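Take 287 as the starting number for the sequence shown in the working numbering and just add one per residue.
From the three backbone atoms N, C-alpha and C, an ideal C-beta is built for every residue, glycine too.
Because the structure is a prediction, the values reported are computed rather than measured.
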Amino acid sequence: MAVYLTTRCRGGVYAPILIRAAQILLNKKGLKNSELSLLLVEDEEMTEINAKWLSRPYTTNVISFPQQSPPIKDNEPLGDIVICIDTARREAHQAGQNLYQRLEALLVHGFAHLLGEDHELGEKEALRMKAVEDELLDILRKEKVMADLCVNVDHVATIRQARLGKEPDPIYAAVLVELAGADGVVVHLREDRRHIQDRDLRLLREIVKTRLTMEMAATQEMLKIACDVKPDIVTLVPERRQELTTEGGLDVVKFEKEIADAVKRLNDSGIPVSIFIDPDSSQIEAAARTKAQCIEIHTGRYAEAQTEEEEDKEFDLIVECAKLARDLGLRVHAGHGLDYRNTPRLVPVAEIEEFSIGHSIVSRAIFVGMEQAVKEMLKIIKGC
Ligand code: PXP
């Protein structure tokens, strides 16, 4: 099963969601060996495509170019779907949806066309296509209950740096993380290079096939490196030299302008941005104003809660903030201090689409091996 995505639009679109949705649709429709191409364009190119292929000189939301006619066969390319991001944005705004809900609906519409449905043929055909789209959206809704697991391999590099040697190599760890079935690899390139080195980041960019997240401070040095290396997503984090680990969320309220500038620079380079923040509504509202695509909710206080009441309070806050963020059109990740005991409670929070976990998985990997440790966390998050 192969989904090829080409983006010819300004940055800031969290494209992995479309690849994942397309893979789910192919899988569920028995088209595991088929190929699908997705192209994301802006109004201008969509107008050109419409004029060239459909004799209509204006932009539209989605166009499908089928490569098969029914009965659809596995093992053969299914076709191409072109989605116009500008039109999707306008339609999402009008419908009160967030961009990703709209993009999914357009993907489903285009996919139904590739399956041979055509609403333009008549009323009966339109009804049939609508039923197919509802079925496909339902498939995505059910699958979405499962969040992604992205594994932070910084601690592997921490052990290597203890001897300033070559072992253990975080690159090996990343390969094992992917072989175990995780959805992504995360590294934090710190200003002081205490664990991950520039060489690690560049090699990981070459080998990671799932999703590479680069955590970084919003400094000029890091922005330059990120725009050069082009991770799949950047998570902006605060950084203090003396801290043991990232101790709190970014203060977006205080540094809104600087963070918005960093988001713009990364987005202009085609890199979507997540901002690591405490579960605090004013921080989430400020994060939305920076035009970042995601937030990562800092789960440290929840993870470190000493009493049941404290944990309940922090859990409620995370849920409330996750909902607020989604309502503001932000995608929601969560991380810090999550382990095999405290993650299960967060799994049913439907707004959380990605867990970013490092320390507990690497710690367990010392005893049971990396693949086993990742698989055990995947079982918690995905139930399989
Ligand atoms: N998310 C962010 C933004 C982080 O800085 C870290 C720690 O590097 C994590 C998640 C992972 O935290 P932990 O190692 O406690 O699982």
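Cβ-Cβ distance between His-619 and Cys-580 below 9 Å: In the sequence shown, counting from the first residue as 1, residue 619 sits at position 333. In the sequence shown, counting from the first residue as 1, residue 580 sits at position 294. Closer than 9 Å, so yes.
Supposed contact pair Phe-641 and Ala-301 - C-beta distance, whole angstroms, cut 8 Å: On the sequence shown, residue 301 is found 15 positions in, with the first residue counted as 1. On the sequence shown, residue 641 is found 355 positions in, with the first residue counted as 1. No, Ala-301 and Phe-641 are not in contact; Cβ-Cβ is about 20 Å, not under 8 Å.
Counted within 10 angstroms of its Cβ, other Cβ atoms place Pro-634 as buried (16 or more) or exposed: Position 348 of the sequence shown holds residue 634. Residue environment: Pro-634 is assigned as exposed (fewer than 16 neighbouring CB atoms within 10 Å of its CB, all protein chains considered).
Residue burial classification, Glu-637 (beta-carbon count within 10 angstroms, cutoff 16): Position 351 of the sequence shown holds residue 637. Its Cβ being crowded by 16 or more others within 10 Å, Glu-637 is buried.
heavy atom of the ligand PXP below 8 Å from Asn-438 C-beta: Taking the first residue of the sequence shown as position 1, residue 438 is located at position 152. The ligand PXP approaches Asn-438 closely enough that one of its heavy atoms is under 8 Å from the residue's Cβ.
Phe-601, DSSP secondary structure in three states: Start at 1 with the first residue of the sequence shown, and residue 601 comes out as number 315. Helix at Phe-601.
Residue of Glu-595, Lys-599, Phe-601 and Asp-547 minimising C-alpha distance to Lys-577: Reading the sequence shown from its first residue, position 291 is the one you call residue 577. Taking each of Glu-595, Lys-599, Phe-601 and Asp-547 in turn and checking the Cα distance to Lys-577, the smallest one comes out for Asp-547.
Own chain partners of Val-515 with C-beta closer than 8 Å, once the 5 adjacent residues on each side are dropped: Within the sequence shown, residue 515 is the residue found at index 229, counting from 1. Excluding positions up to five away in sequence, the list reads Leu-487, Arg-488, Arg-491 and Met-500.
Limits of the beta strand (DSSP E) - the one that Asn-438 falls within: For the purposes of this step, residue 438 is identified with residue 152 of the sequence shown, where counting begins at 1. Looking at the DSSP string, the run of the beta strand (DSSP E) that includes Asn-438 is 434-438.
Minimum Cβ-Cβ distance from Asn-347 to chain C less than 9 Å: No chain C appears in the structure shown, which is made up of a single protein chain.
Residues that DSSP places opposite Met-500 in a beta bridge: Numbered from 1 along the sequence shown, position 214 holds the residue referred to as residue 500. According to DSSP, which records beta bridges pairwise, Met-500 is partnered with Val-473 and Val-520.
Cβ neighbours of Ser-568 in the same chain (closer than 8 Å, five flanking residues each side left out): If you number the sequence shown from 1, residue 568 lands on position 282. Setting aside the 5 residues that flank it on each side, Ser-568 is surrounded in the same chain by Val-539, each with a C-beta closer than 8 Å to its C-beta; the list follows chain order.
Closer than 8 Å: Glu-590 CB and nearest the ligand PXP heavy atom: Here residue 590 corresponds to residue number 304 of the sequence shown, with the count starting at 1. Of the heavy atoms belonging to the ligand PXP, none sits nearer than 8 Å to the Cβ of Glu-590.
Span of the beta strand (DSSP E), counted from its first residue to its last, around His-619: Start at 1 with the first residue of the sequence shown, and residue 619 comes out as number 333. That run of the beta strand (DSSP E) goes 617-621.
Touch test, the region 439-450 against the region 460-474, Cβ-Cβ under 8 Å, three pairs minimum: Counting Cβ pairs under 8 Å, three or more are found: they touch.
Rounded C-alpha distance that separates Leu-312 from Asp-566: As a first step, residue 312 must be located in the sequence shown, where it is residue number 26. As a first step, residue 566 must be located in the sequence shown, where it is residue number 280. Pairing Leu-312 with Asp-566, the inter-Cα distance amounts to about 39 Å.
Unbroken beta strand (DSSP E) run spanning His-584, endpoints: Taking the first residue of the sequence shown as position 1, residue 584 is located at position 298. For His-584, the uninterrupted beta strand (DSSP E) segment begins and ends at 580-584.
Cα-Cα separation, Glu-533 to Ala-611: Here residue 533 refers to the residue found at position 247 when the sequence shown is read from its first residue. Here residue 611 refers to the residue found at position 325 when the sequence shown is read from its first residue. Spanning the two alpha carbons is a distance of roughly 21 Å.
Straight-line gap, Thr-496 to Ile-303 (C-alpha atoms, nearest Å): By one-based count along the sequence shown, residue 496 stands at place 210. By one-based count along the sequence shown, residue 303 stands at place 17. Taking the Cα positions, Thr-496 is about 12 Å away from Ile-303.
DSSP beta-bridge partners of Ala-608: As a position in the sequence shown, residue 608 is number 322, starting the count at 1. Answer by DSSP bridge pairing: none, since Ala-608 is not bridged.
Any non-hydrogen atom of the ligand PXP within 8 Å of Leu-624 CB: The count along the sequence shown starts at 1 and reaches residue 624 at position 338. Indeed, a heavy atom of the ligand PXP lies less than 8 Å from the Cβ.
Helix, strand or coil at Glu-321 according to DSSP, with G and I counted as helix: The sequence position of residue 321 within the sequence shown is 35, counting from 1. Three-state DSSP puts Glu-321 in a strand.
Cβ-based burial, Lys-315 [other Cβ within 10 Å; buried from 16]: Translated into positions along the sequence shown, residue 315 becomes position 29. With 16 or more other Cβ atoms within 10 Å, it is buried.
Terminal residues of the alpha helix (DSSP H) in which Leu-407 lies: On the sequence shown, position 121 is the one that residue 407 refers to. Annotation for Leu-407: no alpha helix (DSSP H) segment contains it, and DSSP assigns it neither H nor E.
Option nearest Ser-646 by Cα separation, candidates Asp-537, Gly-669, Asp-329 and Gly-586: By 1-based counting over the sequence shown, the position of residue 646 is 360. Considering only alpha carbons, the answer is Gly-586.
Distance cut-off 8 Å: Thr-444 Cβ against heavy atoms of the ligand PXP: Here the question's residue 444 lines up with position 158 in the sequence shown. When distances are taken from the beta-carbon of Thr-444 to the heavy atoms of the ligand PXP, even the shortest one reaches 8 Å or more.
Sequence-distant residues of the same chain with beta carbon closer than 8 Å to Ala-574, five excluded per side: Counted from its first residue, the sequence shown places residue 574 at position 288. Excluding positions up to five away in sequence, the list reads Ala-611, Leu-614, Gly-615 and Leu-616.
Check: Gly-451 C-beta below 8 Å from any heavy atom of the ligand PXP: As a first step, residue 451 must be located in the sequence shown, where it is residue number 165. Shortest gap from the CB of Gly-451 to any heavy atom of the ligand PXP: 8 Å or more.
Cβ neighbours of Arg-296 in the same chain (closer than 6 Å, five flanking residues each side left out): Translated into the one-based positions of the sequence shown, residue 296 becomes position 10. Closer than 6 Å at the Cβ level, and outside the excluded window around Arg-296, lies no residue.
Ile-643 CB to nearest heavy atom of the ligand PXP below 8 Å: To locate residue 643, count along the sequence shown from 1; it is residue 357. At least one heavy atom of the ligand PXP lies less than 8 Å from the C-beta of Ile-643.
Per-residue burial, Leu-450 [other beta carbons within 10 Å of its own, 16 or more giving buried]: Position 164 of the sequence shown, counted from the first residue, corresponds to residue 450. By the neighbour-count rule (16 or more Cβ atoms within 10 Å), Leu-450 is not buried but exposed.
Burial state of His-379, where buried means 16 or more other Cβ atoms lie within 10 Å: Position 93 of the sequence shown, counted from the start, is the residue given in the question as residue 379. By the Cβ-count criterion, His-379 is exposed, with fewer than 16 other Cβ atoms from all chains shown falling within 10 Å of its own Cβ.
Beta-carbon proximity of Thr-505 to Ser-560, cut-off 9 Å: The residue given as residue 505 occupies position 219 in the sequence shown. The residue given as residue 560 occupies position 274 in the sequence shown. Contact: no.
Euclidean distance between Cα positions of Cys-513 and Gln-447: Within the sequence shown, residue 513 is the residue found at index 227, counting from 1. Within the sequence shown, residue 447 is the residue found at index 161, counting from 1. Computed Cα separation, rounded: 26 Å.
Ala-337 classed as buried or exposed, judged by whether at least 16 other C-beta atoms fall within 10 angstroms: Position 51 of the sequence shown, counted from the start, is the residue given in the question as residue 337. Exposed.
For Ala-573, three-class secondary structure by DSSP: As a first step, residue 573 must be located in the sequence shown, where it is residue number 287. Looking at Ala-573 - three-state DSSP - the assignment turns out to be helix.
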